[in-house]
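Sequence order for the protein chains is A and B.
The first sequence stops at residue 168 when you use our numbering, and every number in between is there.
The second sequence stops at residue 458 when you use our numbering, and every number in between is there.
The C-beta atom is built at its ideal place from N, Cα and C for all residues, glycine as well.
Shown next, in structure tokens, is the structure this report addresses.
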Amino acid sequence: MSAFRLSAAPLDTRSLQGELADPACGGFAAFEGWVRDHSAGLRVTRLEYEAFAPLALREGERIVAEARERFGLHGALCVHRVGALALGEVAVWVGVAAPHRDEAFRGCRFIIDEIKHRLPIWKKEHYENGDSGWVNCERCASVPAHDEHPGAAHHDHHGEHHAHGKPR
Amino acid sequence: MSAPLYGLLLTGGRSRRMQRDKANLEYAGRSQLARAMALLEPLVARTFVSVRADQLGDPQRVAYECIVDAWPDLGPIGGIHAALHAHPATAWLVLACDLPFLDAATLQQLIAAREPRRLATAFRSSHDGKPEPLCAIYEPASTAAIDAWIAADRRCPRDFLANADAALLTLRSPRALDNINTAEEYRAAQDRLDGAQDGAAHAAASAPSVPRTLQIQYFALLREQAGRNAETVTSRARDARELYEELRARHGLQLRPEQLRVAVNEEFADWSRALAEGDTVVFLPPVAGG
């Protein structure tokens, strides 16, 4: 089985952990990303993830392989959900097995950090007020629209100072 | 957000010095009208021909969507005025019908440098440094200023741009906007362009090259803005950057290139990546996994 997967179905985390069982390993670390009920002051009701699957799978494999190499992990596995998710569901699961706890913690942290920045996966949040938005996209994209008023010609640098999870 | 971009070819001129309809002049076997419309079509969302009411019987013109001058005899500014009023929320890439040397790269340069918050984006003439009003983008906000200009009995679109808040660019191909007004100039242009068609190497040097068929896939916010998951396009874009500017203009995409990454054939690529026939291109909005 590949070390990075996309799943449209809820994750069976016990079974995923079982795939990493290894008597040579003294440490196992896992990270679960959960669907949270709020974001930037708004009440979130549900999420949607959309992936450019062929590239996401390829890049995910590379991230896991980098982590194994860098931290000497014996096993590493990451699964990301796609499609509609309800509050509390596991959106992403990372598990790593290593001879010692330090490599396990650090390898697990590395994978989730890289996943967030490098995978072509997008998250749409649906809010209690009926609104929705693509995370890291909408606020940047909509800034110029608010700027369109007569005489705005000299303010065209607006929107360039917003941080937005830009992949490296 | 910038307004969607439509193309307008001005064909209502009287061609007094040429004494022939400039739209029907042929170069390398194709009329100027057909050549100009073929240049515009891949770059804008919709294309129109600007005509006088008495030209509506011309089959060459009515083969395209036409916008009729509201007031006769205002000259080119009348055609621009009619288009801005016909589609008030749209920006217009306006072209004269006597620019036989115009190429896709020049139009792409104009579109890429478009400043939607000013009234217009235009080139500086490589002859006198003044604005070139008939290969230029007019934003919806220019409508009121053009109305006022006409109401004040002014006509000259060049003077209009010189006095308006317009972004002015330097032409990368200095001769791209050379126009023709006389029979001698027409013959000289024919020689140049017929020769260019034979020598493909000449055309490649200025790089518009042959059109390529490309598969585009859209995800997340760009999918919603483009209103589609995927499309097949024919483009003369030399690289991913030019392609994005074309698609951005065509679909009114709101993300700026610096917010995006590029993937070609399911692998990350640079913006300068040259595109080949059959390539699959994806522009990746800011990601949010995890």
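Whole angstroms is fine: what's the gap from residue i's alpha carbon to residue j's?
{"i": "B/Ala206", "j": "B/Tyr232", "result": "11 Å"}
{"i": "B/Leu278", "j": "B/Val262", "result": "11 Å"}
{"i": "A/Ala8", "j": "A/Val92", "result": "11 Å"}
{"i": "B/Leu173", "j": "B/Gly420", "result": "7 Å"}
{"i": "B/Asp438", "j": "B/Leu339", "result": "25 Å"}
{"i": "A/Phe110", "j": "A/Asn129", "result": "35 Å"}
{"i": "A/His38", "j": "A/Val44", "result": "5 Å"}
{"i": "A/Arg70", "j": "A/Ser2", "result": "19 Å"}
{"i": "A/Cys137", "j": "B/His255", "result": "29 Å"}
{"i": "B/Arg326", "j": "A/Val135", "result": "44 Å"}
{"i": "B/Ser170", "j": "A/Lys116", "result": "30 Å"}
{"i": "A/Cys140", "j": "B/Glu413", "result": "Residue placement at A/Cys140 cannot be trusted, given a pLDDT of 47 that sits under 50; what the coordinates show is reported in the next sentence. Distance between the alpha carbons of A/Cys140 and B/Glu413: 18 Å."}
{"i": "A/Gly88", "j": "A/Ala67", "result": "27 Å"}
{"i": "A/Gln17", "j": "A/Glu114", "result": "20 Å"}
{"i": "B/Leu211", "j": "B/Gln422", "result": "16 Å"}
{"i": "A/His10", "j": "A/Ile63", "result": "The displayed chain sequence assigns Pro, not His, to residue 10 of chain A. Looking at the two C-alpha atoms, the distance is approximately 22 Å."}
{"i": "B/Tyr386", "j": "A/Tyr127", "result": "24 Å"}
{"i": "B/Arg322", "j": "B/Asp237", "result": "17 Å"}
{"i": "A/Phe105", "j": "A/Leu20", "result": "15 Å"}
{"i": "B/Leu382", "j": "A/Val94", "result": "36 Å"}
{"i": "B/Ile235", "j": "B/Ser199", "result": "20 Å"}
{"i": "B/Ala257", "j": "A/Trp34", "result": "43 Å"}
{"i": "B/Arg409", "j": "B/Arg441", "result": "8 Å"}
{"i": "A/Asp12", "j": "B/Ala259", "result": "52 Å"}
{"i": "B/Arg406", "j": "B/Thr179", "result": "29 Å"}
{"i": "B/Gly458", "j": "A/Asp131", "result": "21 Å"}
{"i": "A/Ala56", "j": "A/Leu119", "result": "5 Å"}
{"i": "B/Asn192", "j": "B/Phe269", "result": "15 Å"}
{"i": "B/Ala372", "j": "B/Ala444", "result": "Any reading at B/Ala372 is ruled out, since the residue's pLDDT is 39, under 50, leaving its predicted position unreliable."}
Check the DSSP bridge columns for residue i and list the partner residues they point to.
{"i": "A/Gly95", "result": "A/Ala30 and A/Leu77"}
{"i": "B/Pro299", "result": "B/Arg292"}
{"i": "A/Phe110", "result": "A/Phe110 is not bridged to any residue."}
{"i": "B/Arg198", "result": "B/Tyr195"}
{"i": "B/Arg380", "result": "B/Ser403"}
{"i": "B/Gln385", "result": "B/Ala398 and B/Val450"}
{"i": "B/Ala442", "result": "B/Asp407"}
{"i": "A/Ser132", "result": "A/His126"}
{"i": "A/Phe4", "result": "A/Cys78"}
{"i": "A/Pro50", "result": "For clarity, residue 50 of chain A is Glu in the given sequence; the question names Pro instead. Note: A/Glu50 sits in a beta bridge opposite A/Trp122."}
{"i": "B/Leu176", "result": "B/Phe216 and B/Val262"}
{"i": "A/Ser39", "result": "A/Leu42"}
{"i": "A/Val90", "result": "A/Trp34"}
{"i": "A/Gly83", "result": "A/Tyr49"}
Measuring alpha carbon to alpha carbon, tell me which of the options ends up nearest residue i.
{"i": "B/Asp296", "options": "B/Asp346, B/Tyr306 and B/Ala202", "result": "B/Asp346"}
{"i": "A/Gly27", "options": "A/His100, A/Gly88, A/Ile112 and A/Glu114", "result": "A/His100"}
{"i": "B/Cys303", "options": "B/Asp321, B/Arg322 and B/Ala273", "result": "B/Ala273"}
{"i": "B/Arg185", "options": "B/Val401, B/Ile348, B/Ala316 and B/Leu176", "result": "B/Ile348"}
{"i": "B/Arg182", "options": "B/Ser199, B/Ala264, B/Pro268 and B/Ala254", "result": "B/Ala264"}
{"i": "B/Arg391", "options": "B/Leu287, B/Pro308 and B/Val450", "result": "B/Val450"}
{"i": "A/Pro54", "options": "A/Gln17, A/Asp131, A/Ile121 and A/Cys137", "result": "A/Ile121"}
{"i": "A/Leu85", "options": "A/Phe105, A/Asp102, A/Arg118 and A/Arg46", "result": "A/Arg46"}
{"i": "A/Phe31", "options": "A/Ala21, A/Leu6, A/Cys78 and A/Gly41", "result": "A/Cys78"}
{"i": "B/Arg286", "options": "B/Glu300, B/Asp266, B/Ser310 and B/Leu275", "result": "B/Ser310"}
{"i": "B/Pro453", "options": "B/Ala259, B/Asp226, B/Glu300 and B/Gln427", "result": "B/Gln427"}
{"i": "B/Asp189", "options": "B/Thr258, B/Ala394 and B/Ala351", "result": "B/Ala351"}
{"i": "A/His74", "options": "A/Leu57, A/Leu6 and A/Asp22", "result": "A/Asp22"}
{"i": "B/Gly247", "options": "B/Val432, B/Gln228, B/Leu389 and B/Ala221", "result": "B/Ala221"}
{"i": "B/Leu275", "options": "B/Gly197, B/Leu389, B/Leu176 and B/Arg396", "result": "B/Leu176"}
{"i": "B/Pro308", "options": "B/Gly446, B/Leu411, B/Pro284 and B/Ser294", "result": "B/Pro284"}
{"i": "B/Leu208", "options": "B/Ala431, B/Thr402 and B/Asp407", "result": "B/Thr402"}
{"i": "B/Arg214", "options": "B/Leu415, B/Ala344 and B/Arg424", "result": "B/Leu415"}
{"i": "B/Cys324", "options": "B/Asp447, B/Gly225 and B/Lys298", "result": "B/Lys298"}
{"i": "A/Ala76", "options": "A/Glu103, A/Gly133, A/Arg36 and A/Leu42", "result": "A/Glu103"}
{"i": "B/Arg380", "options": "B/Pro240, B/Glu353, B/Leu389 and B/Arg404", "result": "B/Arg404"}
{"i": "A/Lys124", "options": "A/Ala65, A/Glu61 and A/Arg81", "result": "A/Arg81"}
Every unbroken alpha helix (DSSP H) within the segment 213-241 of chain B, with a cutoff of 4 residues, ordered by chain | 227-230
Would you list, in sequence order, the uninterrupted beta strand (DSSP E) runs of no fewer than 3 residues that lie entirely inside the segment 401-437 of chain B?
-> 429-432 and 435-437
Please specify which runs of the beta strand (DSSP E), each continuous and at least 3 residues long, are wholly inside the segment 237-278 of chain B, giving them in chain order.
-> 259-263
Quick one: which residues of the segment 298-310 of chain B get their C-beta closer than 7 Å to a C-beta of chain A? List them in chain order.
-> none
What are the residues of the segment 27-38 of chain A that lie near chain B, defined by any Cβ-Cβ distance shorter than 8 Å?
-> Gly33
If contact means a Cβ-Cβ distance below 8 Å, which residues of the segment 107-118 of chain A contact chain B?
-> Ile112, Ile115, Lys116, His117 and Arg118
Continuous beta strand (DSSP E) assignments of at least 3 residues falling wholly in the segment 294-362 of chain B | 299-306 and 334-338
Check each residue of the segment 430-447 of chain B: if its Cβ is closer than 8 Å to any Cβ of chain A, include it; give the result in chain order.
-> Ala431, Glu434, Glu435 and Phe436
Which residues, in order along the segment 68-93 of chain A, keep a beta-carbon less than 8 Å from a beta-carbon of chain B?
-> His80, Ala91 and Val92
Using a Cβ cut-off of 9 Å, which residues of the segment 381-399 of chain B contact any Cβ in chain A, in chain order?
-> Gln385, Phe387, Ala388, Leu389, Leu390, Arg391, Glu392 and Gln393
Contact list for the segment 3-21 of chain A against chain B, Cβ threshold 9 Å = none
Would you list, in chain order, the members of the segment 125-138 of chain A that have their beta-carbon closer than 8 Å to a beta-carbon of chain B?
-> Trp134, Val135, Asn136, Cys137 and Glu138
Taking Cβ-Cβ distances below 9 Å as the criterion, which residues of the segment 258-292 of chain B are in contact with chain A?
-> Glu283, Pro284, Arg285, Arg286 and Leu287
Members of the segment 39-55 of chain A near chain B, C-beta cut-off 7 Å | Glu50, Phe52, Pro54 and Leu55
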